[in-house]
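Reviewing the structure listed below.
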Amino acid sequence: MSGKVNDSMVELYLSEAYEIINSLELLIIESEETKSLENNIDIIFRNMHTIKGNSMMMMYDSIAGIAHKIEDLFDFIRANKDVETDYSILADIVLSAIDFIKEELNKIENGIPDDGDPEAIIDSAMQYLESLKFMNPDSNEISEEKTKKEVKYYIASTNKKEKSDYTNYFVHLQYYDDIEMANIRGLTALKKIESFGNDIYSNPKEILKSESSEFIKEKGISFIFKTEKKHEYVNLTVEKIAFLKNFELKKINEKKYNDYRIDFDNEKDVLEKEEDFNEDVIEDVKVKNIKKAVKENRKVASHMSTNIKVDLEKIDYLMDLVGELVVSGSMVNEERNDENTDVEMTMAERQLNRVINELQDAVMSIRMVPLKLTFQKMKRIVRDTSKKVKKEIDLKIIGEETEVDKNVIEKLGDPLMHIIRNSVDHGIEDAEVRLNYNKTKIGNITLAAKQTAGNVIITIKDDGGGLDKERILDKASNKKMLIKPRTDYTDEEIYMLLFEPGFSTNESVTELSGRGVGLDVVKQNIKALNGTVEVRSQLYKGTEFIIKIPLTLAIINGVLIEVSDSIFIIPTVSIIESYAMIDQKVFVNGDGNEMIMIRDEVYPLLRLNTRFAINEEKCNDSGIITMVENENRKILIHSDRIIGKQQVVVKHLSGFTRKVNGISGYALLGDGRISFILNPSDLST
Amino acid sequence: MKTVLIVDDAMFMRSSLKQMLNGSDYEVIGEASNGEEAIEAYIKLSPDIVTMDITMPVMDGVTAVKEIIKLDENANVIMISAMGQQVMVLETINAGAKNFIIKPFAKEKVMQVFDTI
Numbered sequence: 001m002s003g004k005v006n007d008s009m010v011e012l013y014l015s016e017a018y019e020i021i022n023s024l025e026l027l028i029i030e031s032e033e034t035k036s037l038e039n040n041i042d043i044i045f046r047n048m049h050t051i052k053g054n055s056m057m058m059m060y061d062s063i064a065g066i067a068h069k070i071e072d073l074f075d076f077i078r079a080n081k082d083v084e085t086d087y088s089i090l091a092d093i094v095l096s097a098i099d100f101i102k103e104e105l106n107k108i109e110n111g112i113p114d115d116g117d118p119e120a121i122i123d124s125a126m127q128y129l130e131s132l133k134f135m136n137p138d139s140n141e142i143s144e145e146k147t148k149k150e151v152k153y154y155i156a157s158t159n160k161k162e163k164s165d166y167t168n169y170f171v172h173l174q175y176y177d178d179i180e181m182a183n184i185r186g187l188t189a190l191k192k193i194e195s196f197g198n199d200i201y202s203n204p205k206e207i208l209k210s211e212s213s214e215f216i217k218e219k220g221i222s223f224i225f226k227t228e229k230k231h232e233y234v235n236l237t238v239e240k241i242a243f244l245k246n247f248e249l250k251k252i253n254e255k256k257y258n259d260y261r262i263d264f265d266n267e268k269d270v271l272e273k274e275e276d277f278n279e280d281v282i283e284d285v286k287v288k289n290i291k292k293a294v295k296e297n298r299k300v301a302s303h304m305s306t307n308i309k310v311d312l313e314k315i316d317y318l319m320d321l322v323g324e325l326v327v328s329g330s331m332v333n334e335e336r337n338d339e340n341t342d343v344e345m346t347m348a349e350r351q352l353n354r355v356i357n358e359l360q361d362a363v364m365s366i367r368m369v370p371l372k373l374t375f376q377k378m379k380r381i382v383r384d385t386s387k388k389v390k391k392e393i394d395l396k397i398i399g400e401e402t403e404v405d406k407n408v409i410e411k412l413g414d415p416l417m418h419i420i421r422n423s424v425d426h427g428i429e430d431a432e433v434r435l436n437y438n439k440t441k442i443g444n445i446t447l448a449a450k451q452t453a454g455n456v457i458i459t460i461k462d463d464g465g466g467l468d469k470e471r472i473l474d475k476a477s478n479k480k481m482l483i484k485p486r487t488d489y490t491d492e493e494i495y496m497l498l499f500e501p502g503f504s505t506n507e508s509v510t511e512l513s514g515r516g517v518g519l520d521v522v523k524q525n526i527k528a529l530n531g532t533v534e535v536r537s538q539l540y541k542g543t544e545f546i547i548k549i550p551l552t553l554a555i556i557n558g559v560l561i562e563v564s565d566s567i568f569i570i571p572t573v574s575i576i577e578s579y580a581m582i583d584q585k586v587f588v589n590g591d592g593n594e595m596i597m598i599r600d601e602v603y604p605l606l607r608l609n610t611r612f613a614i615n616e617e618k619c620n621d622s623g624i625i626t627m628v629e630n631e632n633r634k635i636l637i638h639s640d641r642i643i644g645k646q647q648v649v650v651k652h653l654s655g656f657t658r659k660v661n662g663i664s665g666y667a668l669l670g671d672g673r674i675s676f677i678l679n680p681s682d683l684s685t
Numbered sequence: 686m687k688t689v690l691i692v693d694d695a696m697f698m699r700s701s702l703k704q705m706l707n708g709s710d711y712e713v714i715g716e717a718s719n720g721e722e723a724i725e726a727y728i729k730l731s732p733d734i735v736t737m738d739i740t741m742p743v744m745d746g747v748t749a750v751k752e753i754i755k756l757d758e759n760a761n762v763i764m765i766s767a768m769g770q771q772v773m774v775l776e777t778i779n780a781g782a783k784n785f786i787i788k789p790f791a792k793e794k795v796m797q798v799f800d801t802i
């Protein structure tokens, strides 16, 4: 686009481009699966056409270039329905183009120059197009070219009209040097003249002939015609023809008109012999150089319809306010204790609480987005991975409409991808093995999501070989990861070994699922979302990963504990159990750390007042200890008492408060006090 | 003030055009994203000018122009075409479209074509 490209246009460009590219990705994968393009070819072609057009407007040339070539490829296939296409090769080409475009879009989004080199992909698209043409010698050229040959040359109408009061005119039009489709420009001019003139002749004679395009571009186009219209009208009409660099319009007498007719017929360059004064010209109406009509670029406000984009920060702020409203609401409730049984007040209070809850839900729902896009990305993962390991796999998706907080969704993609790659690579057996077990040759993976009170449960289930418990134990034993006799391990504990750092069931780390990291990263990612991951498996039958994550990170369920005068919140998900301090024996180990033995196991004790330097006084033999899971080990947190369970709105430490280890944020409590939320994963003694 | 109906399946293109026309003597009174919607909108809004994309789902721009001109032979339709669509542009000009703009287009070019109407 000329001039400044404003941000809202870039944003709009990006959102539309992403939308198109994502749907294109699914379409091409579907076509590869069904080995048919019939339903999708028009859409694919159109989508590429749109991407090309939009990108050209924004001058994103690399994207426009690649979209153009893919458009050509599909145009050819579209025009030659019988051509045998290799859907796998075609999908490879289109998907690599999609990846390229995505990468460029990403650069644009982040303000980095879109400097990717599409040559390699363009080459492969061209090569494939050439091979299609070669294999199908009878094929049509690209449809556009084909129809070009059928174009009838357009010759100006010559029907004579006998009128007495007509005037003869000669007009010469010179277009801008960069004019495109000059012959059709010429035709539009002719149409215009036809609307008021008769006996029209043109030079070049056959306007639509392809040579005429060059001719008009270089030398312009001339017409002679007769009209009854006044010359002001003629002048005005001609002047309004678009993209004229200059034009010449003159009234001529009958003799001159006939001379021109002969010249036009012979396609003579009439302007060159036009030097000396010619008495046949009655009146030089106008030779005009048209200035480029550049109007002031007015500041334009962008009009966005129906949908508005809102900065996530604003929504977070709104969420914060609602959170405070919830807190204020409960403060009111606390103020009025049970003695007050004023019916009207109780009614009003109930009404207030209901509205506050609804408001909270409404604000939450703004942040909610369906899992659809994340799930659909998995189709691509399955497609690419299964192709590499040469397995046929059918991915079934259930519940993609389930909605999750935007922040959660962003962090969910990686762990899902990892588990799915794992299922394809390690879970599903090779075809022969499957047939031996009376399974279908094609492996099945089901990705499902559903919502249950405040949580989303995502399951990834395969009908592969299942987990071999003995093998897992052997492996863990070799890696010295077992911390108790192997017979003591429950099934659940065995499977959990998979999530330990450095564990990988496959002897050789494969290119796909290996990548140097294992399922431990998955667990960490899920944990960061305050979620849990669980495995169920049956040998020879299959494996199921169950991920449970809260709908939102903005609100958590916590247990409030009191330490001296301070209140801390422990996220409920990380709590294992609590004990009365009085029954426990505290001893000090060699490093000077306090330890407590529970059921024959020793756990470190963490005193928050020491850790956060709240108050040095400690009461050793009273209070409550709470066991929380801290990544790979469990620790005990000492508190004076447990206050209770509560849902709190998480506020993040930001700006003037620097990051404090062990604290993930804070929350406002019902009585207006501030309470810190503990982050068990970086709490240590 | 002349009224304009913009027909294009790409929202980006519609917005680009709208921005270019913003503050000019042309007022965008409607948008359509395919040929069928275009005809419907034309009947409802009777705009002075229609800009018509060619490649669109449901009904393409070439068909839509013909239909609109059938309804109103004085309709002022400007085609929005891409390079390589000569044949289709020609078809629409012959069918009665008044002019055409080739993508990518700059504001000045758009204004010039609009001013011919």
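For the protein sequence lines, the chains are S and L, in the order given.
Numbered according to the numbering used here, the first sequence spans residues 1 to 685.
Numbered according to the numbering used here, the second sequence spans residues 686 to 802.
Cβ atoms here follow ideal geometry from the backbone N, Cα and C, with glycine treated the same way.
The structure displayed is predicted, hence computed values, not measured ones.
Item to check | Interface residues of chain L facing S/Ala-242 [CB-CB closer than 7 Å] | outcome: The contacting residues are Asn-784, Gln-797, Val-798, Thr-801.
Item to check | Candidates S/Phe-499, S/Glu-500, S/Lys-469, S/Asn-478: closest to S/Thr-487 by CA position | outcome: Here the closest residue by C-alpha is S/Lys-469.
Checklist entry - List, in order along the chain, the chain L residues whose C-beta lies closer than 8 Å to that of S/Arg-46? => result Residues of chain L passing the Cβ test: Asp-694, Thr-740, Met-741, Pro-742.
Item to check | Reference S/Leu-395; option with closest CA among S/Ile-29, S/Leu-14, S/Ser-23, S/Leu-24 | outcome: Minimum Cα distance to S/Leu-395 is reached at S/Ile-29.
Next on the checklist: Can you tell me whether S/Val-326 is buried or exposed? The criterion is at least 16 other CB atoms within 10 Å of its CB, across all chains shown.
Outcome noted: Its Cβ being crowded by 16 or more others within 10 Å, S/Val-326 is buried.
Checklist entry - Over what stretch of residues does the alpha helix (DSSP H) that includes S/Leu-231 continue unbroken? => result Here the sequence assigns His to residue 231 of chain S, which means Leu is not the residue at that position. First-last of the alpha helix (DSSP H) with S/His-231: 231-239.
Checklist entry - Within 7 Å (strictly less), CB to CB, does L/Lys-788 reach chain S? => result Against chain S, the CB of L/Lys-788 has a partner CB under 7 Å away; the residue lies at that interface.
Checklist entry - What residue range is occupied by the uninterrupted beta strand (DSSP E) comprising L/Met-764? => result Secondary structure note for L/Met-764: its beta strand (DSSP E) is the uninterrupted segment 762-766.
Checklist entry - With respect to the alpha helix (DSSP H) encompassing L/Gln-770, which residues constitute its N-terminal and C-terminal limits? => result No alpha helix (DSSP H) contains L/Gln-770, which DSSP labels as neither H nor E.
Checklist entry - Excluding five sequence neighbours on each side, which residues of the same chain lie with their C-beta closer than 7 Å to the C-beta of S/Ala-189? => result Cβ within range, chain order: Leu-173, Ile-221, Ile-241.
Item to check | S/Gln-127 burial status per 10 Å Cβ neighbour count (16 or more: buried) | outcome: Exposed, by the Cβ-count rule.
Checklist entry - Can you tell me whether DSSP reads S/Pro-415 as helix, strand or coil? => result In this structure, S/Pro-415 counts as helix in the three-state DSSP scheme.
Checklist entry - With 7 Å set as the bound, which would you pick, yes or no: does the beta-carbon of L/Lys-718 sit closer than that to a beta-carbon of chain S? => result What sits at residue 718 of chain L in the sequence shown is Ser, not Lys. No, because no Cβ of chain S sits closer than 7 Å to the Cβ of L/Ser-718.
Item to check | Cutoff 7 Å; reference S/Ser-566; Cβ partners in own chain excluding five residues on either side | outcome: Cβ within range, chain order: Ile-614.
Item to check | Contacting residues, own chain, Cβ-Cβ under 8 Å from S/Ile-674 (five flanking each side not counted) | outcome: Within the same chain, and ignoring the five residues on either side of S/Ile-674 in sequence, the residues whose Cβ sits closer than 8 Å to its Cβ are Tyr-666, Ala-667, Leu-668.
Checklist entry - With respect to the alpha helix (DSSP H) encompassing S/Thr-188, which residues constitute its N-terminal and C-terminal limits? => result Element bounds for S/Thr-188: 182-194.
Checklist entry - If you follow the alpha helix (DSSP H) that S/Asn-47 is part of, which residue opens it and which one closes it? => result Segment 41-58, the alpha helix (DSSP H) holding S/Asn-47.
Next on the checklist: Quick check: L/Val-750 and L/Thr-777, are their CB atoms within less than 7 Å of each other?
Outcome noted: Against a cut-off of 7 Å, the Cβ pair of L/Thr-777 and L/Val-750 comes out as a contact.
Checklist entry - Given 8 Å as the limit, is there contact between the segment 427-443 of chain S and the segment 573-585 of chain S, that is, 3 or more CB pairs closer than that? => result Counting C-beta pairs with one atom in each stretch, the segment 427-443 of chain S and the segment 573-585 of chain S have fewer than three that are closer than 8 Å, which means they do not touch.
Checklist entry - Of all the options S/Thr-237, S/Lys-226, S/Leu-551, which has the alpha carbon lying nearest to the alpha carbon of S/Lys-251? => result Of the candidates S/Thr-237, S/Lys-226, S/Leu-551, S/Lys-226 places its Cα closest to the Cα of S/Lys-251.
Item to check | Counted within 10 angstroms of its Cβ, other Cβ atoms place L/Pro-789 as buried (16 or more) or exposed | outcome: With a threshold of 16 other beta carbon atoms within 10 Å, L/Pro-789 meets it and is buried.
Checklist entry - Does any residue of chain S bring its CB to less than 7 Å from the CB of L/Ala-767? => result Chain S, which has a Cβ nearer than 7 Å to the Cβ of L/Ala-767, makes this yes.
Next on the checklist: Just to confirm my understanding: we take L/Lys-783, look at its own chain, exclude 5 residues before and 5 after, and list those with CB closer than 8 Å. What are they?
Outcome noted: Correct list, in chain order: Asn-761, Val-762, Ile-763, Thr-801, Ile-802.
Checklist entry - Does any residue of chain L bring its CB to less than 7 Å from the CB of S/Gly-672? => result The beta carbon of S/Gly-672 sits no closer than 7 Å to any beta carbon of chain L.
Checklist entry - Is the beta carbon of S/Ile-207 less than 7 Å from the beta carbon of S/Gly-186? => result Closer than 7 Å, so yes.
Checklist entry - Measuring CB to CB, does S/Thr-532 end up less than 7 Å from S/Asp-462? => result Not a contact, by the Cβ cut-off of 7 Å.
Item to check | Per-residue burial, S/Ile-556 [other beta carbons within 10 Å of its own, 16 or more giving buried] | outcome: By the neighbour-count criterion, in which 16 or more other beta carbons inside 10 Å mark a residue as buried, S/Ile-556 falls on the buried side.
Next on the checklist: Using only the alpha-carbon positions, how far apart do L/Pro-742 and S/Gly-399 sit?
Outcome noted: In a straight line, the C-alpha of L/Pro-742 is about 29 Å away from that of S/Gly-399.
Checklist entry - S/Glu-16 CB to nearest chain L CB: under 7 Å? => result Chain L places a beta carbon closer than 7 Å to that of S/Glu-16, counting this residue as a contact.
Item to check | N- and C-terminal bounds of the beta strand (DSSP E) containing S/Gln-646 | outcome: Here the beta strand (DSSP E) through S/Gln-646 covers 641-649.
Checklist entry - Does any residue of chain L bring its CB to less than 7 Å from the CB of S/Glu-180? => result So, interface residue.
Checklist entry - Of all Cβ atoms in chain L, is any one closer than 7 Å to the Cβ of S/His-172? => result For S/His-172, no CB of chain L lies under 7 Å from its own CB, so it is not counted at the interface with that chain.
Checklist entry - By Cβ distance, which residues of its chain are closer than 6 Å to S/Glu-507, with the 5 residues on each side in sequence left out? => result Residue placement at S/Glu-507 is poorly supported in this model, since its pLDDT is 47, which falls under 50; the coordinates are not used for a value here.
Next on the checklist: So for S/Gly-672, helix, strand or coil by DSSP?
Outcome noted: Residue state, collapsed to three classes: coil.
Next on the checklist: Under 8 Å, with one C-beta from each stretch per pair, do the segment 443-458 of chain S and the segment 469-478 of chain S reach the 3-pair mark?
Outcome noted: Counting Cβ pairs under 8 Å, fewer than three are found: no touch.
Next on the checklist: For chain S, check one thing: does any of its Cβ atoms lie closer than 7 Å to the Cβ of L/Ile-778?
Outcome noted: Yes, its Cβ sits closer than 7 Å to a Cβ of chain S.
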